[in-house]
Structures are given as structure tokens and as C-alpha cells.
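Trainee:
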Amino acid sequence: GKFSLKPDFNTKLGFYNTAGGFRLASSLNSGNMGHGARFLFCDDPNNLTRLKSDEERQAVYNCWQQVLISRSKDERKFSVCVGQQRTHSYDLTGHIIEDDSTGKWTHLFLPMEYEKDWSCTTYGPMRNGERKKIWSDPRKKEKQLLWPEKIDAQTLINRKADFGWREELIAGQLQQRPAP
Numbered sequence: 048g049k050f051s052l053k054p055d056f057n058t059k060l061g062f063y064n065t066a067g068g069f070r071l072a073s074s075l076n077s078g079n080m081g082h083g084a085r086f087l088f089c090d091d092p093n094n095l096t097r098l099k100s101d102e103e104r105q106a107v108y109n110c111w112q113q114v115l116i117s118r119s120k121d122e123r124k125f126s127v128c129v130g131q132q133r134t135h136s137y138d139l140t141g142h143i144i145e146d147d148s149t150g151k152w153t154h155l156f157l158p159m160e161y162e163k164d165w166s167c168t169t170y171g172p173m174r175n176g177e178r179k180k181i182w183s184d185p186r187k188k189e190k191q192l193l194w195p196e197k198i199d200a201q202t203l204i205n206r207k208a209d210f211g212w213r214e215e216l217i218a219g220q221l222q223q224r225p226a227p
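First residue of the sequence shown: 48, per the working numbering; consecutive thereafter.
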């Protein structure tokens, strides 16, 4: 049925609704993560200004492994999404991919420019011992842009120039191919 936001808790960082649901925005290590969830979205968990710090990357992973991933209200219905630009091969996404021994994660990466040797085929989670292909990058031409209506060739050149043509920034932030 219909519901509305409760006026006594309706802020930029969170709100409750009259049907008992809520949304809470928080940052890693804020101490405000004790609530159970049905859906967890972790947006850019690694700080770009600290990506070279082994200690910082490990702290993010520890928070993920020891706090966030266990915050479900009902494990059978718990959905998790991590969205980030790749900052390092051992950023949070790198750890999750490496640790996915059960095949429960679906990894989608969308490089700005198509690269035959780095194209994305996405498989769903493991079910009955197999993973089904759910999506493949339809682009076939090298350097074909992901969304030319949004970021055209000149805009991409400008973005690369803004990055100082630094390969590690272009590889990680535009191509989703972290280096190292």
C-alpha cells in the first residue's frame, strides 16, 4: 500500500517511512552501522586520495568483512551492491573478487573505451554448480565508447588531460582496470 515519510526522522542522511522501512546513509568507520538491512549499497568505499596506502585499503576491507557484510535483517533476502571506480587491484572490489570462492557475486565492469582484451562478460551468481552468462559487452570495435551521447571523444580527451594523462588514473577510473 501507500506510505509516507515520517516527519520525526527525515533528513539527508536518513529517513523512516510509515510502513516501517528506512534508509540510512553513513560513511565507513563512522560508528553508525549497527542497523540491520535488506539492501546494502556501498558507494566508492575506497578514498581516492589514500589509494596507495596498504593500511587504508586494509581498513576498508576489515570494515567490510567484520561489520558491513553481517548487517542483514534476513540473510536469505539480503542484497549487496558495491559500486566504485577501481582504484587499486586490492581495493574493496579486488578483495571481493579474489575472495569469491562460492560464486555468489556478480561482477559487472564497464570500461569507458572498449578493449578486446579487457571486455566484460558478466555471469550471475552460482546456482546448482553453474553460473549463467547474463550480459556481454556488445561493443566490438577497439576504443568504441561506452556512452558516446554522455561522454563523446572530445570529452574523453579532456578527462584524460584532467588526469594529467596518468595511466594509473585512466586505467582505474575510466577503464576499470586498476594498476597495480
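Just so you know, even glycine gets a beta-carbon here, dropped at the ideal spot from N, CA and C.
1. Arg118 to Phe125, Cα distance in whole Å?
2. Within a Cβ cutoff of 7 Å, which residues of the same chain sit near Thr65, ignoring the five residues on either side of it in sequence?
3. According to the neighbour-count rule (16 or more other Cβ atoms, all chains shown, within 10 Å of its Cβ), is His228 buried or exposed?
4. Distance, Cα to Cα, Arg224 vs Trp212?
5. Count the other CB atoms within 10 Å of the CB of Gly219; is the residue buried (16 or more) or exposed (fewer)?
6. How big is the Cα-Cα spacing for Asp199 and Lys163?
7. Which residue comes first and which comes last in the beta strand (DSSP E) that contains Tyr170?
8. Where does Ala218 fall in DSSP's three states?
9. Using a threshold of 8 Å, state whether the C-beta atoms of Trp165 and Pro158 are closer than that.
10. Using a Cβ-Cβ cutoff of less than 6 Å, which residues in the same chain neighbour Phe88 once the five nearest sequence positions on both sides are dropped?
11. Can you tell me which of the three DSSP states Tyr108 falls into?
12. Give me the Cα-Cα distance between Phe86 and Leu192, rounded to the nearest whole angstrom.
13. Along the chain, where does the beta strand (DSSP E) containing Gly130 start, and where does it finish?
Mentor: Looking at the coordinates:
1. For the purposes of this step, residue 118 is taken as the residue at position 71 of the sequence shown. For the purposes of this step, residue 125 is taken as the residue at position 78 of the sequence shown. Per the coordinates, the alpha-carbon of Arg118 lies some 9 Å from the alpha-carbon of Phe125.
2. Position 18 of the sequence shown, counting from 1, holds the residue named residue 65. So the list reads Phe50, Ser51, Lys53, once near-sequence residues are dropped.
3. Limits of the chain in this structure are 48 at one end and 227 at the other, which puts residue 228 out of reach.
4. Position 177 of the sequence shown holds residue 224. Position 165 of the sequence shown holds residue 212. Rounded to the nearest angstrom, the two C-alpha atoms are 15 Å apart.
5. Taking the sequence shown and counting its residues from 1, the one referred to as residue 219 is at position 172. Buried: at least 16 other Cβ atoms inside 10 Å.
6. In the sequence shown, counting from the first residue as 1, residue 199 sits at position 152. In the sequence shown, counting from the first residue as 1, residue 163 sits at position 116. The straight-line gap from Cα to Cα measures roughly 20 Å.
7. If you number the sequence shown from 1, residue 170 lands on position 123. It spans 168-170 - the beta strand (DSSP E) in which Tyr170 sits, taken as one unbroken run.
8. Translated into positions along the sequence shown, residue 218 becomes position 171. The answer is helix: DSSP assigns Ala218 an H, G or I state.
9. Residue mapping note: residue 165 aligns to position 118 of the sequence shown, counting from 1. Residue mapping note: residue 158 aligns to position 111 of the sequence shown, counting from 1. Pairing Trp165 with Pro158 gives a Cβ-Cβ distance under 8 Å.
10. As a working note, residue 88 is residue 41 in the sequence shown. Counting only Cβ-Cβ distances below 6 Å, and skipping sequence neighbours, we find Cys128.
11. Walking along the sequence shown from the start, residue 108 turns up at place 61. Under the three-state reduction of DSSP output, Tyr108 falls in the helix class.
12. Residue 86 sits at position 39 when you count from the first residue of the sequence shown. Residue 192 sits at position 145 when you count from the first residue of the sequence shown. So the alpha carbons of these two residues sit roughly 31 Å apart.
13. As a working mapping, residue 130 is identified with position 83 in the sequence shown. The continuous beta strand (DSSP E) containing Gly130 extends over residues 126-130.
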